[in-house]
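*Asks:* Quick note, the sequences are listed as chains A, B, C and D, same order.
Under the numbering used here, read the first sequence as residues 272 to 793, first letter to last.
Under the numbering used here, read the second sequence as residues 638 to 965, first letter to last.
Under the numbering used here, read the third sequence as residues 23 to 361, first letter to last.
Under the numbering used here, read the fourth sequence as residues -5 to 328, first letter to last.
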Amino acid sequence: MKKSVRLLSLVLVAALFVAALAGCSAPAAKPAATAPATVDTFTYAQGADPRGLDPALVDDGESSKIIVNIYEGLLKYAADSTKVEPSLAESWKISDDGLSYTFKLRKGVKFHDGTDFNAEAVKFNIDRQLPPKVTPDMGYASFVFGSVKDVVVVDPQTVTINLTAKNTAFMANLAMSLAAPIISPKALTDGSNSVMEKPVGTGPYKFVKWAKGENVVLVRNDAYWGEKAKTKNVVFRIIADNSARVLALNNKEVDMIDGIDATVVDKITSGGDKLYQAPGMNVNYMAYNTTTAMFKDTAARKAVSQAINVDELVKSLYQGYSEKATTILPTFVPGYDKSVKQVAYDAAAAKTGLAAAGITKIHMIAYSNPRPYNAATGVALATAIQGYLQKVGVECTIDSFDWTTYKAKVKEGNYDMAFYGWIGDNGDPDNFLNLLADKDPSMNIARWQDPVYIDMIKKALETPNGAARDAEYTAMEKYAAAKAVWLPISHAKTLAGYRPQVSGFNYHVTGNVFCSKVVVTK
Amino acid sequence: MTEFDYPQDTPRPDPSSLTHLADETMALGERLPSGDIPDFDETLHEKPENQWLEMWRSLIANRAALVSLIFIAFLVFLAVFGPLLTPYNPISTNMAASLRAPSAAHWFGTDQLGMDIFSRVIAGTRVSLTVGLLAVSIALTIGVILGAVAGYAGGWVDSVIMRLMDMMLAIPSILLAITLMAALGKGIDKAVIAIGLVSIPEYARIVRGNILSIKQNDYIAAARVVGNTDFRIIFRHILPNALSVIIVRATLGISSAVLDTAALGFLGLGVQPPQAEWGDMLGRARGFIFQAPWTLLYPGMAITVTVLAFNLLGDGLRDALDPKSRVK
Amino acid sequence: MFKYVTKRILMVIPVMIGVSIIVFSLMRVFSPDPAPIVLGQHATIKSIEVWRHANGLDAPVVTQYVTYVAKAFKGDLGTSYYTKSQVAAEIGARFPATIELAIAAILFATTLGVLLGVMAAVKKNSVFDAAGSLFALIGVSIPIFWLGILFIMFFAGFLHLLPSGGRINVMLEPTRVTGFYMIDSLTQGNWDGFKDAFIHLILPALTLGMYSMAIITRMTRSSMLETLGQDYIRTARAKGISETKVIGKHALRNSLIPVTTVIGLQFGALLGGALLTESVFSWPGIGKYTVDSILKSDFPVVQGIVLLVAVIFVTINLIADLGYAFLDPRIKYSSKKED
Amino acid sequence: MTTDTNTLLEVKNLSTDFVMNKGTVHAVVDMSFTVREGEVLAIVGESGSGKSVASLSVMGLLQPPGRVVSGEIIYRGRNLLALSPREMRDLRGNHISMIFQEPMTSLNPVFTIQDQLTESIREHMKLDKKAAITRAIEMLRLVGIPSAEKRIHDYPHQMSGGMRQRVMTAMALSCDPDLLIADEPTTALDVTIQAQILALIGDLRKKLGMAVLLITHDLGVVAETADRVVVMYGGQVVEQATAQDLFDCPKHPYTLGLLESIPSMADSEDDEPLYMIPGMVPNPLNMPMGCAFAARCSRRMPRCTQERPPLYEVEGRLLRCFLFDPSGEEGART
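(1) For residue 114 (chain D), name the three-state secondary structure that DSSP assigns.
(2) To the nearest whole angstrom, what separates the beta carbons of residue 661 (chain A) and residue 735 (chain B), a pair I think is in contact under 8 Å?
(3) Are the C-beta of residue 301 (chain C) and some C-beta of chain B separated by less than 8 Å?
(4) Could you name the residues of chain D that residue 346 (chain C) contacts, counting a contact when the two beta carbons are closer than 7 Å?
(5) What three-state label does DSSP hand residue 174 (chain D) in the structure shown?
(6) What is the DSSP secondary structure of residue 357 (chain A), reduced to helix, strand or coil?
(7) For a cutoff of 8 Å on Cβ pairs, would you count residue 332 (chain C) as touching chain B?
(8) For residue 871 (chain B), count neighbouring C-beta atoms within 10 Å of its own C-beta (all shown protein chains included) and say buried if the count is 16 or more, exposed if not.
(9) Within 10 angstroms of its Cβ, does residue 696 (chain A) collect 16 or more other Cβ (buried), or is it exposed?
(10) 8 Å is my cut-off, CB to CB: does residue 661 (chain A) come that close to chain B?
(11) Can you give me the Cβ contacts of residue 405 (chain A) inside the same chain, cut-off strictly under 6 Å, excluding the 5 residues immediately before and after it?
(12) Can you list, in chain order, the residues of the region 490 to 523 of chain A whose Cβ is nearer than 8 Å to any Cβ on chain B?
(13) State the DSSP-derived secondary structure class of residue 743 (chain B), mapped to helix, strand or coil.
(14) Is residue 774 (chain A) helix, strand or coil by DSSP?
(15) Considering Cα atoms alone, identify which of A:555, A:396, A:524 is closest to residue 184 (chain C).
(16) Only counting the same chain, and skipping five residues up and downstream in sequence, which positions put a Cβ closer than 6 Å to that of residue 133 (chain D)?
(17) For residue 719 (chain A), does the count of other Cβ atoms within 10 angstroms reach 16, so buried, or fall short, so exposed?
(18) Anything in chain A within Cβ reach of residue 50 (chain C), meaning under 9 Å, just list it in chain order.
(19) Select from the region 463 to 486 of chain A all residues with a C-beta closer than 8 Å to any C-beta belonging to chain C, and list them in chain order.
(20) Cα-Cα, which of B:713, B:848, B:815 is closest to residue 833 (chain B)?
(21) Where do the N-terminal and C-terminal ends of the alpha helix (DSSP H) with residue 68 (chain C) fall, by residue?
(22) How about residue 466 (chain A) and residue 453 (chain A): do their beta carbons lie closer than 8 Å?
(23) Using three-state DSSP, classify residue 251 (chain C) as helix, strand or coil.
(24) If you reduce the DSSP assignment to three classes, tell me which class residue 146 (chain D) lands in.
(25) How would you list, in chain order, the residues of chain C whose beta-carbon sits under 7 Å from the beta-carbon of residue 807 (chain B)?
(26) Assuming residue 784 (chain B) is part of the alpha helix (DSSP H), what are its boundary residues?
(27) Kindly list, in the order they appear in chain C, the residues whose Cβ is closer than 8 Å to that of residue 758 (chain A).
(28) Can you give me the C-alpha to C-alpha distance between residue 788 (chain B) and residue 93 (chain D), rounded to a whole angstrom?
(29) Taking residue 765 (chain B) as the reference, which of B:915, B:689, B:934 has the closest Cα?
(30) Does the Cβ-Cβ distance between residue 527 (chain A) and residue 767 (chain A) come in under 8 Å?
(31) From residue 400 (chain A) to residue 409 (chain A), what does the alpha carbon distance come to, in whole angstroms?
(32) Alpha carbon to alpha carbon, how far is residue 383 (chain A) from residue 669 (chain A)? Give it in angstroms, no decimals.
(33) Any chance the region 885 to 893 of chain B sits against the region 944 to 961 of chain B, with 3 or more Cβ pairs inside 8 Å?
(34) Could you tell me which uninterrupted beta strand (DSSP E) segments, each at least 3 residues in length, are contained entirely in the region 365 to 400 of chain A, listed from first to last along the chain?
(35) Do the CB positions of residue 117 (chain D) and residue 262 (chain C) come within less than 8 Å of each other?
(36) Please return the same chain residues whose Cβ sits closer than 6 Å to the Cβ of residue 421 (chain A), not counting the five positions on each side in sequence.
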């Protein structure tokens, strides 16, 4: 009895306390409310929880979108391209042999926990992703820092990174939202996994809370070194279902949504909201398994490609919100060239070609989830292609799997044709074209190992940025197209819906959304 | 003795007044201790042939059950001959005609890949009924055997079997089915196994319960005395008596199997594409809620109506097989 | 009574061990390898091997199982492969959402179910009865995920009356104490938050509760009809007390006895139904989390959830049994003998 | 028949039907009788001859599909059939109360005796809870329940059948009714308890001065307690007389048969089989057009199967049999 009374009074006191707090914060909120008709919260809805908020340990877009608002790297991409610009590093120098990079760091930058950002912090962050500290679940460590030999602290404001081999893409990698951002070393040493759930960076927004499956709340970092964020709170809400997300936008529950596809565009605009679209840095493709008896032959691959009307397919399946892919690289990535052409649609030629190759049955595998580069799902794409092949007398079987299982199945290699896609990490052409040279069959699902192509890749990686390097990549594309290793299908556009009251967001080609300049009017 | 039988589609009079009416059939001098209604006892002693006939009459006298029976016959017809009747090949795509609204050419419209929804809904009948029937058969066979053995043998055999059933029952069946499907992979054959396995405990329990009560009856003791084997006793004497309950349960089981299949399909764990399955169609149409609501409407209606029919039939069967429940 | 409860609780142990074995083997033996999804698009064959070793996945299955159970006894359900957080914490964070939804659903199902059932039984063969029975029949026949989508289309998409998903407007979110937003907001005097949480709860609760509501309606109706035919109802009427009292007191209490068991079982079934409802409404509970985790082969999470759900299921059945004894004095007083 | 000044209840031409899909059952046909203040009137008949339906009709407790189709039930000058449900409720349990034949099932198993007993006391006597309990205990004592103040907290299942019937009786008498309808109050009890309960009802009647309408198929009970007797067969009154007259000199062939089938001490000592009326009760859905008893009657005449006999008034009693047709040439008086 006594105990319950005590408990009750405790609850009451707690309630009063909270009420008092709310009372105190109310006047503080008032000036914002009276300021010229803006709202102090920007709500952004995405389809899934972030995997975590430690940029070294995650690999998904949902995490990345939040991470870029909390953390910064040494470098960043320009607002409208993947051109590299200064961020936490003010300037840099690359040694003549291309193996050593020296960065001058910005002064007076503090992490959200009050600790200083300096050369030690940079070293700490890179070291944890290098052997022997690196763990297998740091998905991007080898991609971003794989060529790093060591990190040397010259002085608190200067740091030198030494590479083992020339890597032209390294600068672009340092601007990435995964692996590259700098985390407070204090937070990293505080306890296991705490950064995954309580991130501490230097960015324009500070982390407030994360209700799993519901939302992640950020608040403006008033001690930010640069231009302060315009809107006080940013909330990332998790709404899994596509249509539900649109409804939430229409019903003004949220200010901006992503992960939408053609099917809901009308609903967005008819509901009085706006559609943002921009070319996306991705490619959606079909690959032939070049190790099978059927498709080790280029003519056979060509014949199948000829049977598929990619133009019609992309129009119906993506309804104008994906562009037909004429090549692997998206149009704005260096090395893209209009002159690259894939095998053209020609059903009659396909029929004779397939007959000549003796192909009557094809086994495909496909993923059943929508992917950022293929909102319609791999299954829908596979089924459509099955339809085209049926018309030229080839029977296809499709085995579909959820994404996890699918990746395992791809690795097993038991297929004639498979579907995949790639989201560009850093805007460097190598990031795309290297896929066809990779030894790992879960990356290079065509399992294509062409010595000529591999040589071309190696050479281009060592060539410094410029027209010469771009031309090398164009040549690679032409080579791959002639061999018909992939059938590039489409580049998905970046799509977002937003309320007319929202302005100032930067939906970057990397798929990240920078919120610091967002203004929401009443 | 005159039987005082009320047609079951009209509810019985209140038992309190019925008592007196039923008593009217009693001869003088016979004193009924309480309000037992004599016809209940009679049905138990009726010969089986008679019982089936009686059941059939009773069933078709129930209008709702009759309609559902006719509808199920129609579904079976569609499942068997549907592919011959569909206006389009249910699995052939036509990218040039995707997401068309219902029209004379496509009665239920087309989906994203230009497949005819009407044809796919019809084709889906076969999948749903197949999964429903096969899954129930699996569950029924294993469940009846386990339940019979447990109930008849008793002792530790009973304990082991029933604890196993408890374990399965402790996990909600849809969760168990999803986990199974995730482990087994997609496909109609795997759906049959998953859904069949998870409903075993229901049948095992029913059969065991029935056997435990029937076991006490004199005629079982009599069968044992004349030297029948256990096996024979179970299959010749005990099971036929538990049959009516099992039949009702199995009919309702088909409806829940159809629902479970759809749920698996909806979550993307059902059939392999491009096979037409209602839940799978719904799951894929989720994104078209605004742009093409017809893609959602018809498969959902197909599921609901089919499940409704089996539920009605199950209710009708229960009423027909068990006179006591006619009151309800 | 005490002995009976103890016995029932002890019976749970073998069941739980069995459940853990079933789930463990399903996840370990048959499921796809989680390594590729956990390690992401740049994973190498080597890093996968290292990871598998670090997570004990290269040990024999039996060893893995024993290790798991030993840890589970200490309340350690392992670490999520995907988010690297404690499974227990991950589940704990999402659990109140599911329970809040399930309670709302069962309240709706019970209230409306009992009401409709009683009305149908009292007005037997009337329009009420027919409508109630039809409603109940459709309730058990309609797939809940479809129902949920129809609700969203109509109430959120067409009428713009109710939100299409989520639990609450974030800015109105109360401080998490119990995790039940309705309770937290109320105790914190956050009236707007309470209203908002309630509004968000309506459609998912209706969807999730529909099936149970139908079952309870049917059960109440038949139980009520049986009770209404009992001699003691005639006695009550002969006493000259009002019909409301005859139905509301004498008949209802007796008919509710079998219904309680059904309600208990339904609550367990709701946890299964939550898988689908939460997926449709983006409800941040364990149902949606389960589906997501299964698709990601996040074994530790799936195992943890299934174990937890099994514990709840078994506990609820236990409570339903005890509730039964509470409502029916014949059982309460004779339970000693039955032990 | 004339209405005496001391008439408590008068039932006039009551007919009650059960409408079923297979046809209509005429459970009570054109039944008339009166109950005078303070007397015991017995209605006798085989199980289901319509006597219980008649009593439920009086109480207004018929459940669908049962329905009074014609007649009047006049209680102290008020036609009960014309009363509103509310007025009827005020009467039930208060002025007219009833004991049923199944003590085992007639009490609600989930409420205590106190709860069930005080319910009607509070409803009709407008007492508060405490006074109602006092009254309830008093009533339990009256019906002879030992340590009533303790047993009042029991649930029905904790009591024996006899005790429960006593509780039922206490419940029926708790509001000082003027008329007690006892529907086979002893059928379900064993012989010694039967006698106790009957004695109790008899005692209380004298003590409280109420009238009793006793429904029974047990002629032994009737002989011991009733002032007047109504014999029913197939939903109709076939004979009505004072108890004295009826037992001394039964006239209707059916009454005769009934009396002969009572086991007597003498019978049981001989090994003679007990007499039973041959044949069966007619199907209630398919009543013969003539006399309902004709098929089983040893003194059947041709007209018996052709037309239905009216009630003849003979020597102060009422008889439904052509044997007593005063104009009948075939009428051979016994």
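Where a beta carbon is used, it is the ideal one built from N, C-alpha and C, also for glycine.
It should be emphasised that the depicted structure is a prediction, and the values quoted were computed from it without experimental measurement.
*Replies:* Checking against the coordinates, here is how it stands:
(1) Three-state DSSP puts residue 114 (chain D) in a helix.
(2) Rounded to whole angstroms, the Cβ separation of residue 661 (chain A) and residue 735 (chain B) is 16 Å, and the two are not in contact under 8 Å.
(3) Using a CB distance cut-off of 8 Å, residue 301 (chain C) counts as an interface residue toward chain B.
(4) Correct list: empty, because the minimum Cβ distance to chain D is about 12 Å.
(5) Residue 174 (chain D): strand per DSSP, three-state reduction.
(6) Strand.
(7) It does; some Cβ of chain B falls within 8 Å.
(8) Around the C-beta of residue 871 (chain B), 16 or more other C-beta atoms lie within 10 Å, and the residue is accordingly described as buried.
(9) With 16 or more Cβ atoms within 10 Å of its Cβ, residue 696 (chain A) is classed as buried.
(10) So, interface residue.
(11) Taking residue 405 (chain A) as the centre and dropping the five residues before and after it, the same chain places the C-beta of 412 closer than 6 Å to its C-beta, in chain order.
(12) Of all residues in the region 490 to 523 of chain A, 512, 513, 514, 517 have a Cβ within less than 8 Å of some Cβ in chain B.
(13) In the structure shown, residue 743 (chain B) sits in coil (DSSP, three-state: anything other than H, G, I, E or B).
(14) Of the three classes helix, strand and coil, the one that applies to residue 774 (chain A) here is strand, per DSSP.
(15) The shortest Cα separation from residue 184 (chain C) among A:555, A:396, A:524 belongs to A:524.
(16) Here the set comprises 164, 168.
(17) Residue 719 (chain A) comes out buried.
(18) Ordered by position in chain A, no residue passes the 9 Å Cβ test against residue 50 (chain C), which lies about 14 Å from the chain.
(19) For the region 463 to 486 of chain A, the set of positions with a beta-carbon nearer than 8 Å to some beta-carbon of chain C reads 464, 467, 468, 482, 483, 484, 485, 486 in chain order.
(20) The candidate whose alpha carbon is nearest that of residue 833 (chain B) is B:815.
(21) Its alpha helix (DSSP H) spans residues 67 to 76.
(22) No, the Cβ-Cβ distance between residue 466 (chain A) and residue 453 (chain A) is not below 8 Å.
(23) The answer is coil: DSSP assigns residue 251 (chain C) none of H, G, I, E or B.
(24) Correct three-state label for residue 146 (chain D): coil.
(25) Simply 37, 41, 332, 335, 336.
(26) Run containing residue 784 (chain B): 754 to 790, per the alpha helix (DSSP H) assignment.
(27) Under a criterion of Cβ atoms nearer than 8 Å, no residue of chain C is adjacent to residue 758 (chain A); the nearest Cβ is some 21 Å distant.
(28) As the crow flies, the alpha-carbon of residue 788 (chain B) is around 44 Å from that of residue 93 (chain D).
(29) With distances taken between Cα atoms, residue 765 (chain B) lies closest to B:915.
(30) For the 8 Å CB-CB criterion, residue 527 (chain A) and residue 767 (chain A) form a contact.
(31) Looking at the two C-alpha atoms, the distance is approximately 7 Å.
(32) If you take the alpha carbons of residue 669 (chain A) and residue 383 (chain A), they lie about 51 Å apart.
(33) They touch, by the three-pair rule.
(34) Secondary structure remark: continuous beta strand (DSSP E) runs of at least 3 residues inside the region 365 to 400 of chain A, in chain order: 371 to 376.
(35) Yes, the pair counts as a contact, with Cβ atoms nearer than the cut-off.
(36) Cβ neighbours of residue 421 (chain A) beyond the five flanking positions: 433.
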